[in-house]
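Read through the structure below, which is laid out as structure tokens, and then see the notes.
In the working numbering, the protein residues as written are 212 to 405.
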């Protein structure tokens, strides 16, 4: 695809996401973001337990978002929104004065082959963009069943000036996702924006 067409599509998608966010933000409620919300089990339950939060789940797969919306609609939740968006584009679309309180990245694709690592969501540029949209003291919760990806994310966060790993931090809300149920084991980390 020629660069001009790709840029036009990206600009168009960015405008669509901003239009969807416009009635939601800014808000005085704590804002929770789940990147790669899957089938919506986790964020629906989280939103139900945290009615004072605005919860936003993003995913790339439309069918998953439809399933997620059905779950939150059945629960009659008004504090959760599902959006079709790529993580970086979504973060770019957020208003500059957005202050995310919590960000969950649960069992994102580990892209296990070294030549595909560039596709992993957690990268230095992503952490910087995320920090620019996170409020002071915001928490980043990361969980994976891929030990190499876990180690890489831990190292990236240790090297990043905006984020600090929190040793022995409690996990704020436990509800196994579809992918967590499939995993033999998993590892979790918590980072805070300094």
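All C-beta atoms, glycine included, are put in the ideal place defined by N, C-alpha and C. It should be emphasised that the depicted structure is a prediction, and the values quoted were computed from it without experimental measurement.
Buried or exposed by the 16-neighbour rule on C-beta atoms within 10 Å, applied to residue i
i           : result
residue 392 : exposed
residue 399 : exposed
residue 406 : A query on residue 406 cannot be resolved here, the shown segment of the chain reaching from 212 to 405 and no further.
residue 371 : buried
residue 313 : buried
residue 323 : exposed
residue 234 : exposed
7 Å Cβ shell around residue i - same chain, five flanking residues per side excluded
i           : result
residue 343 : none
DSSP-derived helix/strand/coil call for residue i
i           : result
residue 339 : helix
residue 318 : coil
residue 404 : strand
residue 363 : helix
residue 334 : coil
residue 399 : strand
Close Cβ partners of residue i (< 8 Å) along its chain, the five nearest in sequence each way excluded
i           : result
residue 369 : 376
residue 295 : 269, 270, 271, 273, 276
residue 159 : Summary: the structure shown does not reach residue 159, with the chain confined to residues 212 through 405, and so no result is reported for it.
Contact set for residue i: own chain, Cβ-Cβ below 6 Å, skip 5 residues either direction
i           : result
residue 256 : 386
residue 332 : 298, 319
residue 238 : 265
residue 353 : 316, 364, 400
residue 267 : 244, 292
residue 405 : 375
Residue from the options whose Cα sits closest to the Cα of residue i
i           : options            : result
residue 241 : 258, 230, 226      : 258
residue 325 : 351, 359, 350, 301 : 359
*asked:* Three Cβ pairs or more, each shorter than 8 Å: is that satisfied between the stretch 279-286 and the stretch 241-253?
replied: The stretch 279-286 makes contact with the stretch 241-253: 3 or more CB pairs, one atom from each, lie closer than 8 Å.
*Would you say the stretch 333-347 touches the stretch 376-394, given that touching needs at least three Cβ pairs under 8 Å?*
No: the two stretches stay apart, fewer than three of their Cβ pairs being nearer than 8 Å.
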